[in-house]
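Just so you know, we're using our numbering here: the sequence shown kicks off at 2 and counts up by one.
C-beta: ideal position from N, C-alpha, C; glycine also.
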Amino acid sequence: MDDQHSTGATAPTAHRTAGAHTGPDTPPRSDSLFLGRAGLIRTMAERLAPDSPASGCLLVGEEGSGKSALMRHVLQLYGQDTYTIHVRGSAFAGRTPFGALTFLLSDLDPEASSHPVLILRGLTELVRERAQGREVLLAVDNAEELDEFSAMVLSQLVVNRSARMIAAFRDFSAGPSEFIGLWREGVLSRLDLEPLLPMECAHLLESELRGPVSRAAAEDLAAISGGNPSLLLAAAADYQDSGRLMLVGQVWVLVPGHQPGFTRLHAAMGSRLSGLGPGQRELLEALALAGALPLTQVLEHVDSMDVDTLQEAGLLLLTQAGVPALSLVEPALGAVLRAQLDAGRRQDLLDRLPPHPAVSPPLRSAEWLLSAGAKVSPEQALAAARAANAEGDAAAAEQFITADPNHLSSPAAVLELARSHLDRRDHRSAAGVVARHRHAGGEISVSTDNLRLLVAESRAGCLAASEQSGDRLPPFGGTAAGVHVALLDEAEQMLAALKRAGIGRAEAAQLEGELTLSRARCFFQHGQFRDCASFLSTVYARGNENGRGFRVLVGSWLCAAWGMTDRQADALELAGTLWHLMADGLPPDLDARPAAEAKARIIHTLLVAGAVATAAGYLEEANDAAERVAFGGTEREVSEGMLRAFQGRGPAATAHLLPALRQLEVADPFGLLGVVLSAAAYAAALHGQEDRAREHLRAAESVTGSPPWPVQRTAAHFAALAQGVLGSPETRPRLEELAAADEEREAGSYALLAALGVVRLGNPEAAQMLLDTASGLQGNFARLCEIYAKGAGEFDAQLLLLAADAANAEGHELLALETGERALEVASGAGDRATVRFIHRNRRLASAETEHDGEVEDCLRGLTVRERAIARHAANGTSNKMIAQELSISVRTVEGHLYQIYSKLHVGSRRELARLVAADKPAAVTGVR
Numbered sequence: 002m003d004d005q006h007s008t009g010a011t012a013p014t015a016h017r018t019a020g021a022h023t024g025p026d027t028p029p030r031s032d033s034l035f036l037g038r039a040g041l042i043r044t045m046a047e048r049l050a051p052d053s054p055a056s057g058c059l060l061v062g063e064e065g066s067g068k069s070a071l072m073r074h075v076l077q078l079y080g081q082d083t084y085t086i087h088v089r090g091s092a093f094a095g096r097t098p099f100g101a102l103t104f105l106l107s108d109l110d111p112e113a114s115s116h117p118v119l120i121l122r123g124l125t126e127l128v129r130e131r132a133q134g135r136e137v138l139l140a141v142d143n144a145e146e147l148d149e150f151s152a153m154v155l156s157q158l159v160v161n162r163s164a165r166m167i168a169a170f171r172d173f174s175a176g177p178s179e180f181i182g183l184w185r186e187g188v189l190s191r192l193d194l195e196p197l198l199p200m201e202c203a204h205l206l207e208s209e210l211r212g213p214v215s216r217a218a219a220e221d222l223a224a225i226s227g228g229n230p231s232l233l234l235a236a237a238a239d240y241q242d243s244g245r246l247m248l249v250g251q252v253w254v255l256v257p258g259h260q261p262g263f264t265r266l267h268a269a270m271g272s273r274l275s276g277l278g279p280g281q282r283e284l285l286e287a288l289a290l291a292g293a294l295p296l297t298q299v300l301e302h303v304d305s306m307d308v309d310t311l312q313e314a315g316l317l318l319l320t321q322a323g324v325p326a327l328s329l330v331e332p333a334l335g336a337v338l339r340a341q342l343d344a345g346r347r348q349d350l351l352d353r354l355p356p357h358p359a360v361s362p363p364l365r366s367a368e369w370l371l372s373a374g375a376k377v378s379p380e381q382a383l384a385a386a387r388a389a390n391a392e393g394d395a396a397a398a399e400q401f402i403t404a405d406p407n408h409l410s411s412p413a414a415v416l417e418l419a420r421s422h423l424d425r426r427d428h429r430s431a432a433g434v435v436a437r438h439r440h441a442g443g444e445i446s447v448s449t450d451n452l453r454l455l456v457a458e459s460r461a462g463c464l465a466a467s468e469q470s471g472d473r474l475p476p477f478g479g480t481a482a483g484v485h486v487a488l489l490d491e492a493e494q495m496l497a498a499l500k501r502a503g504i505g506r507a508e509a510a511q512l513e514g515e516l517t518l519s520r521a522r523c524f525f526q527h528g529q530f531r532d533c534a535s536f537l538s539t540v541y542a543r544g545n546e547n548g549r550g551f552r553v554l555v556g557s558w559l560c561a562a563w564g565m566t567d568r569q570a571d572a573l574e575l576a577g578t579l580w581h582l583m584a585d586g587l588p589p590d591l592d593a594r595p596a597a598e599a600k601a602r603i604i605h606t607l608l609v610a611g612a613v614a615t616a617a618g619y620l621e622e623a624n625d626a627a628e629r630v631a632f633g634g635t636e637r638e639v640s641e642g643m644l645r646a647f648q649g650r651g652p653a654a655t656a657h658l659l660p661a662l663r664q665l666e667v668a669d670p671f672g673l674l675g676v677v678l679s680a681a682a683y684a685a686a687l688h689g690q691e692d693r694a695r696e697h698l699r700a701a702e703s704v705t706g707s708p709p710w711p712v713q714r715t716a717a718h719f720a721a722l723a724q725g726v727l728g729s730p731e732t733r734p735r736l737e738e739l740a741a742a743d744e745e746r747e748a749g750s751y752a753l754l755a756a757l758g759v760v761r762l763g764n765p766e767a768a769q770m771l772l773d774t775a776s777g778l779q780g781n782f783a784r785l786c787e788i789y790a791k792g793a794g795e796f797d798a799q800l801l802l803l804a805a806d807a808a809n810a811e812g813h814e815l816l817a818l819e820t821g822e823r824a825l826e827v828a829s830g831a832g833d834r835a836t837v838r839f840i841h842r843n844r845r846l847a848s849a850e851t852e853h854d855g856e857v858e859d860c861l862r863g864l865t866v867r868e869r870a871i872a873r874h875a876a877n878g879t880s881n882k883m884i885a886q887e888l889s890i891s892v893r894t895v896e897g898h899l900y901q902i903y904s905k906l907h908v909g910s911r912r913e914l915a916r917l918v919a920a921d922k923p924a925a926v927t928g929v930r
């Protein structure tokens with residue numbers, strides 16, 4: 002009996018037996034269940050330590066959050082030297098006095114079981130005897146279901162210092178008053194098992210699925226599961242069954258349009274739904290379909306006692322905004338319930354508890370009506386489509402609008418349908434639906450809907466005018482002066498007519514803001530940064546007259562325009578203002594989707610403008626504020642990958658870019674596939690994966706679509722860098738071509754990156770071009786490039802060292818390394834031994850190497866890959882002939898390399914080389930790229 006409920010470190014058999022009886026609720030699958038819980042595990046261990054001021058902890062978390070598994074894990078790690086007593090509460094045992102402790106009471110004398118005081122004394126002596134001097138630990142699961150007598154005995158064992166305790170609760174408010182009292186007195190600490198954050202969900206999924214998971218897939222699963230580990234894994238299995246989660250190129254990605262049946266997730270939620278009466282079940286299903294229903298309507302069909310019971314169970318939420326209304330506390334529960342309902346059941350519920358036009362969300366209402374085979378009015382379809390477009394569900398918006406056979410006659414309906422196509426970057430379908438509307442007799446009368454339709458039509462034309470062709474960038478000049486710009490002008494004229502007709506001030510301001518942002522987007526689509534900056538400067542200077550959210554969006558476009566031209570320092574200052582404004586909480590007039598786009602725009606601008614360290618800092622801040630400000634999904638994953646690509650960290654960039662790439666191959670609503678492929682090619686090339694790099698480059702050349710010019714230009718930048726690492730002779734002329742085009746476009750930051758790339762290829766004669774470009778720009782990166790240009794052009798090791806330090810400070814890790822190597826090469830070539838020793842000394846100090854190892858490491862870094870291989874062979878005493886055979890080169894080539902090696906390392910013979918290079922030391926330094 003004892004062995005079934007307690008463990009001891011000195012009793013291996015008993016320990017294994019106890020481990021086999023840890024309970025039937027949630028057996029641990031693997032250590033992956035504890036990902037994201039390291040801090041909590043440490044805190045639990047601290048509370049259980051003998052020297053802790055607390056006598057244990059109370060672990061609180063919802064069902065499926067992993068409380069029991071976590072408790073067992075902590076006991077396994079830190080309870081090896083304790084005598085552990087496992088106690089489990091249950092509804093059955095809770096109806097019997099001392100029901101949870103019957104396994105111990107059976108070992109007491111009958112006389113000692115006649116009174117609670119005697120029972121406490123007897124159990125205390127029994128436990129002390131069995132512990133044999135070891136610390137006693139009480140592990141209590143389902144503590145809220147303990148009977149009051151068991152709870153009293155356990156709490157007294159803690160109070161009189163006979164034992165420490167760790168107890169798990171689903172509902173702390175329903176826990177024994179004795180335990181709650183110990184918490185209030187500070188004897189026991191309460192630890193809440195919070196839901197996993199999206200990235201913690203991603204780690205758990207990757208561990209269970211044995212492969213990387215795209216951020217979009219991880220966040221979608223985190224949302225449906227609420228961050229509950231058990232529900233997360235159940236939902237992942239349902240997603241796989243339905244095809245919504247699919248393995249593409251060794252990455253698990255989200256496939257839109259596939260709706261899971263949620264059989265596993267429904268089973269995992271079983272305890273929440275078990276024991277429901279017919280009326281309670283019906284209400285939950287109706288709310289799942291409707292989203293929300295008025296309380297008065299519900300009470301006409303459902304017993305008030307059922308409503309109270311569901312509220313007490315934490316399943317219903319009552320809101321008082323306008324009409325008192327009921328909704329589900331957990332939207333995920335609604336998704337699970339909807340998946341279980343067939344058309345017949347939906348029709349039955351529609352007859353009894355139909356959606357309410359003033360309370361039920363339009364999207365939910367229209368979806369319910371369509372799924373039940375009912376008719377959706379044009380007004381309902383339009384409202385639902387607007388909501389779907391606002392949520393980014395373009396496919397649903399199209400479904401709602403096209404449910405009305407006469408939708409082409411309504412400008413408002415055509416507008417939402419066009420927007421659904423534009424959200425998927427399908428400008429041809431968007432233009433086509435507008436054309437059919439015009440052909441069907443849709444007049445362009447003066448109205449807000451027609452004004453917005455002109456804007457949508459202009460957007461379609463804008464995308465068509467900038468459609469990319471292979472790896473060639475659209476030419477500068479004239480592209481933005483087409484028909485689509487005339488449509489914006491026409492919309493401006495219509496707004497003026499609406500104002501004359503007496504349109505409301507607030508609505509006029511809203512339309513004016515939409516037109517302003519449309520022009521900014523058009524300027525950027527064609528890379529007209531100077532025009533964009535001139536246009537937006539006066540708008541931004543007006544302050545918040547059109548709302549803080551509008552000013553944030555205008556500011557993000559202005560920041561990008563400044564950063565791309567010649568006002569990098571101003572862009573950096575504005576970026577800081579905007580970023581921290583959004584980090585403090587989104588303005589009420591700024592939705593999450595445009596806010597995320599603004600953040601991605603700012604990060605991209607900072608990276609192109611060379612402020613890599615600043616971008617890294619902002620992304621780190623966004624990690625801390627991930628739950629407060631929406632900036633995640635594929636956009637965030639791409640931003641993280643781009644950051645590391647600009648830093649020159651190949652493997653780290655690949656870790657973010659590859660999942661994003663596979664996700665974008667399935668669906669690319671952002672037009673980012675081309676730039677991600679090019680950046681992934683560069684990252685792969687840096688990592689030595691040449692075949693993969695070439696594969697990515699070929700794929701990038703075949704990408705079609707209309708990404709904005711800056712996105713296309715960044716793709717061209719990384720494609721050129723990748724080709725450079727791969728040794729293509731076309732890299733230099735390509736970079737020079739890009740630099741010249743950038744100068745014509747006045748895209749100063751891109752011109753600077755191109756000129757820098759030419760010099761980094763080892764062309765010091767291009768240093769003047771880099772110097773000229775940098776001198777006309779603001780910011781630390783431009784100053785760094787000036788110093789680098791002078792150092793490279795004048796072969797000045799001291800200036801190159803200054804440039805390396807500046808590059809490191811700005812976050813350009815690979816550039817800093819390359820520049821340091823170039824400084825060492827210049828100093829070695831000039832015989833400047835003082836500078837060489839200075840570089841060696843600084844590197845040893847920075848890396849805490851021993852003097853000898855540091856000297857060897859640094860000396861070899863100045864050699865090429867082939868020279869390092871020959872140096873090690875020669876230091877080992879290998880003859881020139883054997884080296885030539887080993888490396889498949891001629892003896893004359895070996896002799897030439899040795900001459901270069903001796904010159905660079907300042908040695909005169911193989912003996913001196915052998916003294917410098919430890920003959921048995923393996924090559925540990927990769928070549929400079």
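message: In the DSSP assignment, the alpha helix (DSSP H) including His657 goes from what residue to what residue?
response: Mapped onto the sequence shown, residue 657 falls at position 656. Element bounds for His657: 651 to 667.
field: Length of the line joining the Cα atoms of Ser430 and Ala419
entry: In the sequence shown, residue 430 corresponds to position 429, counting from 1. In the sequence shown, residue 419 corresponds to position 418, counting from 1. C-alpha separation (whole angstroms): 7 angstroms.
message: So, for Glu913: in the same chain, excluding its five sequence neighbours on each side, which residues have a beta-carbon less than 7 angstroms away from its beta-carbon?
response: For the purposes of this step, residue 913 is taken as the residue at position 912 of the sequence shown. Nothing listed; no residue qualifies.
Complete alpha helix (DSSP H) runs within the stretch 420 to 475 (minimum length 4 residues, chain order): Annotation: the stretch 420 to 475 contains the following complete segments of the alpha helix (DSSP H) (minimum length 4 residues), in chain order: 428 to 440, 449 to 466.
field: Status (buried if at least 16 other CB within 10 Å, exposed otherwise) for Gly20
entry: Along the sequence shown, one-based indexing puts residue 20 at 19. Confidence is the limiting factor: at Gly20 the pLDDT is only 31, short of 50, which leaves the residue's position unreliable, though a coordinate-based value still follows. Exposed: under 16 other Cβ atoms inside 10 Å.
- prompt: In angstroms, rounded to a whole number, what distance separates the CA positions of Gln886 and Val892?
  reply: Position 885 of the sequence shown, counting from 1, holds the residue named residue 886. Position 891 of the sequence shown, counting from 1, holds the residue named residue 892. If you take the alpha carbons of Gln886 and Val892, they lie about 8 angstroms apart.
Beta-carbon proximity list for Ala1, same chain, < 6 angstroms, skipping 5 on both sides: Since the displayed the chain opens at 2 and closes at 930, residue 1 lies outside it and no answer follows.
message: Applying the 10 Å Cβ sphere with the 16-neighbour rule, what's the burial state of Ala236?
response: For the purposes of this step, residue 236 is identified with residue 235 of the sequence shown, where counting begins at 1. Buried, because 16 or more other Cβ atoms sit within 10 Å of the Cβ of Ala236.
- prompt: How is Gly57 classed by DSSP in three states: helix, strand or coil?
  reply: In the sequence shown, counting from the first residue as 1, residue 57 sits at position 56. Strand at Gly57.
task: Excluding the 5 residues preceding and the 5 following Arg916 in the sequence, name in chain order all residues of the same chain whose CB lies nearer than 6 angstroms to its CB.
output: Start at 1 with the first residue of the sequence shown, and residue 916 comes out as number 915. Closer than 6 angstroms at the Cβ level, and outside the excluded window around Arg916, lies no residue.
task: Please check the pair Val337 and His267, which I expect to be a contact at CB under 8 angstroms, by giving their CB distance rounded to whole angstroms.
output: Translated into positions along the sequence shown, residue 337 becomes position 336. Translated into positions along the sequence shown, residue 267 becomes position 266. Val337 to His267, Cβ: 5 angstroms. Contact.
- prompt: By DSSP, does Arg245 sit in helix, in strand, or in coil?
  reply: Locating residue 245 in the sequence shown gives position 244, counting from the first residue. When secondary structure is reduced to three states using DSSP, Arg245 falls in the coil class, being assigned neither helix nor strand.
- request: Confirm, please, whether the CB-CB distance from Ala497 to Asp450 is below 8 angstroms.
  value: For the purposes of this step, residue 450 is taken as the residue at position 449 of the sequence shown. For the purposes of this step, residue 497 is taken as the residue at position 496 of the sequence shown. For Asp450 and Ala497, no; Cβs fall outside 8 angstroms.
- prompt: Can you find at least 3 beta carbon pairs, one from the stretch 82 to 99 and one from the stretch 185 to 194, that sit closer than 8 angstroms?
  reply: no
- request: Identify which residue in His581, Arg594, Ala534, Leu582 has its Cα closest to the Cα of Thr566.
  value: Within the sequence shown, numbered from 1, the residue matching residue 566 stands at position 565. Cα-wise, what sits closest to Thr566 is Ala534.
message: Let me confirm a value: Ser880 is counted as buried when at least 16 other C-beta atoms fall within 10 Å, else exposed. Which label applies?
response: Locating residue 880 in the sequence shown gives position 879, counting from the first residue. Burial is judged here by how many other beta carbons sit within 10 angstroms of a residue's own beta carbon; Ser880 has fewer than 16 and is exposed.
task: Kindly identify the DSSP beta-bridge partner or partners of Asp193.
output: Here the question's residue 193 lines up with position 192 in the sequence shown. Paired residues: Val61.
6 angstroms Cβ shell around Phe647 - same chain, five flanking residues per side excluded: Residue 647 sits at position 646 when you count from the first residue of the sequence shown. Around Phe647: Leu608, Val613.
query: So is Arg171 buried or exposed if we call it buried at 16+ other beta carbons inside 10 Å?
result: One-based indexing of the sequence shown puts residue 171 at position 170. Counting Cβ neighbours within 10 Å, Arg171 comes out buried, since at least 16 surround it.
message: Across the stretch 194 to 214 and the stretch 249 to 259, are there enough close Cβ pairs to call them in contact, namely three or more that are closer than 8 angstroms?
response: Flag = yes, the stretch 194 to 214 and the stretch 249 to 259 touch.
message: Out of Tyr84, Gln81, Gly100, which one is the CA nearest neighbour of Gly90?
response: Here residue 90 refers to the residue found at position 89 of the sequence shown. Ranking Tyr84, Gln81, Gly100 by CA distance to the CA of Gly90 puts Gly100 first.
message: Going by DSSP, what residue range makes up the beta strand (DSSP E) through Asp142?
response: By one-based count along the sequence shown, residue 142 stands at place 141. Looking at the DSSP string, the run of the beta strand (DSSP E) that includes Asp142 is 136 to 142.
message: I'd like the ranges of any alpha helix (DSSP H) spanning at least 4 consecutive residues and lying wholly in the stretch 780 to 852.
response: List check, alpha helix (DSSP H) in window: 781 to 795, 798 to 810, 814 to 830, 834 to 848.
message: Out of Leu888, Ala810, Leu762, Phe782, which one is the CA nearest neighbour of Gly794?
response: As a first step, residue 794 is located in the sequence shown; it is residue number 793 there, counting from the start. Of the listed residues, the one whose Cα sits closest to Gly794 is Leu762.
query: Where do the N-terminal and C-terminal ends of the alpha helix (DSSP H) with Ile42 fall, by residue?
result: Counting from 1 along the sequence shown, the entry for residue 42 is found at position 41. It spans 39 to 49 - the alpha helix (DSSP H) in which Ile42 sits, taken as one unbroken run.
task: Quick one: residues in its chain with C-beta nearer than 6 angstroms to the C-beta of Arg1, no 5 flanking neighbours on either side, listed in chain order?
output: In the structure as shown, the chain begins at 2 and stops at 930. Residue 1 is therefore absent and cannot be evaluated.
- prompt: Going by other Cβ atoms of all chains shown within 10 Å of its Cβ, with 16 needed for buried, is Gly651 buried or exposed?
  reply: On the sequence shown, position 650 is the one that residue 651 refers to. Buried.
query: Does DSSP put Leu206 in a helix, in a strand, or in coil?
result: Along the sequence shown, read from residue 1 onward, the residue named residue 206 stands at position 205. Leu206: helix per DSSP, three-state reduction.
Unbroken beta strand (DSSP E) run spanning Thr320, endpoints: Sequence index remark: in the sequence shown, residue 320 carries index 319 (1-based). Unbroken beta strand (DSSP E) run through Thr320: 317 to 320.
message: On a Cα-Cα basis, can you pick out the residue from Pro117, Arg129, Gln133, Arg131 that is closest to Ala152?
response: As a first step, residue 152 is located in the sequence shown; it is residue number 151 there, counting from the start. Ranking Pro117, Arg129, Gln133, Arg131 by Cα distance to Ala152 puts Pro117 first.
task: Please go through the same chain and pick out, in chain order, the residues whose beta-carbon is closer than 7 angstroms to the beta-carbon of Ile225, but skip the five residues on each side of it.
output: As a position in the sequence shown, residue 225 is number 224, starting the count at 1. Ala236, Ala333, Ala336, listed in sequence order.
query: Using CA coordinates, which residue listed in Ala741, Leu198, His581, Ala870 is at the minimum distance from Ala756?
result: As a first step, residue 756 is located in the sequence shown; it is residue number 755 there, counting from the start. Among Ala741, Leu198, His581, Ala870, the Cα nearest to that of Ala756 belongs to Ala741.
message: Can you look up Ile86 in the DSSP assignment and give me helix, strand or coil?
response: Numbered from its first residue, the sequence shown carries residue 86 at position 85. Ile86 falls in the strand class under three-state DSSP.
message: For Leu754 and Thr705, I'd like the C-alpha separation in whole angstroms.
response: Your numbering for residue 754 matches position 753 in the sequence shown. Your numbering for residue 705 matches position 704 in the sequence shown. Looking at the two C-alpha atoms, the distance is approximately 25 angstroms.
task: Determine the contact status of Leu575 and Gly556, defining contact as a CB-CB distance below 8 angstroms.
output: Counted from its first residue, the sequence shown places residue 575 at position 574. Counted from its first residue, the sequence shown places residue 556 at position 555. In this structure, Gly556 lies closer than 8 angstroms to Leu575 by Cβ.
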